[in-house]
Amino acid sequence: MAVPELCALEKSLGLRQGHKYSSQGDNGTVPVLQSNNGPSLVGLTTIAAHLVKQAKKEQLLGSSAEEKAIVHQWLEYRVTQVDRPSSKEEIRTMLKDLNLYLEDKVYFVGMRFTLADILMYYGLHSIMADLSIQEKEKYENVSRWFCHIQNYPGIRQHLPNVVFIKNRLYTNVH
């Protein structure tokens, strides 16, 4: 899944899509960026950060030392938690934790759109697409954030739109 994400990231950053990617590791899950003028880069977050710098959009990596650390934290979370095969229970726990974290935030780094939002969106897309409307409502902060990011210009691209119902048709109150 990482190679299509990197191609989408290139496009959203306005880069010419001329990079050559391959995969390595178990099941070919670790992307590799082949370089003509230097060593190959290995790993989703390493390559993504390189692409952001190449596009001269370093603000996506955070503007202060603290923001940069938080972006890095969420990129690491993406690779270690979101990408690993999970049981339904682990997915529910992860969504519950993310929902709590996003309770008072617009983006993963507070009020600033960053690379963490882009890669977390790509990583969570299949999970969110598989949730029922009721499950999406249960994780309302994650759903709010996800819906916002999928409508952010240039981010969703080839991925199908995940539907969220904004108006509740039924209430639990009698």
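With my numbering, letter number 56 in the sequence shown gets 86, and the count goes up by one each step, no holes.
Yeah, the Cβ is synthetic: ideal placement off N, Cα and C, and Gly gets one too.
Everything numeric in this text was worked out from a predicted model, so none of it was measured.
Taking the CA atoms as reference points, Q187 sits about 20 Å from K50.
In the DSSP annotation of this structure, the continuous segment of the alpha helix (DSSP H) that includes S156 starts and ends at 145-160. Cβ-Cβ distances below 8 Å link G184 to K41, S42 in the same chain, with the five nearest sequence neighbours on each side left out; the list follows chain order. Taking the C-beta atoms as reference points, F143 is found no nearer than 8 Å to S173.
The three-state reading of DSSP puts L71 in strand, counting E and B together.
Put simply, the backbone Cα of L45 is about 6 Å away from that of A85. Collapsing the DSSP output to three states places Y131 in a helix. Secondary structure note for Q54: it is in no alpha helix (DSSP H), and the uninterrupted beta strand (DSSP E) holding it is 50-54. Beyond the five residues adjoining it in sequence on each side, Y137 comes within less than 6 Å, by CB distance, of F143, D147 in the same chain, given in chain order. Exclusion of the five residues before and after S52 leaves V62 as the residues of its chain whose Cβ lies within less than 6 Å of its Cβ. CA-to-CA, the gap between L71 and A32 works out to about 13 Å. Between the region 87-100 and the region 120-128, the count of C-beta pairs closer than 8 Å stays below three; the two stretches do not touch.
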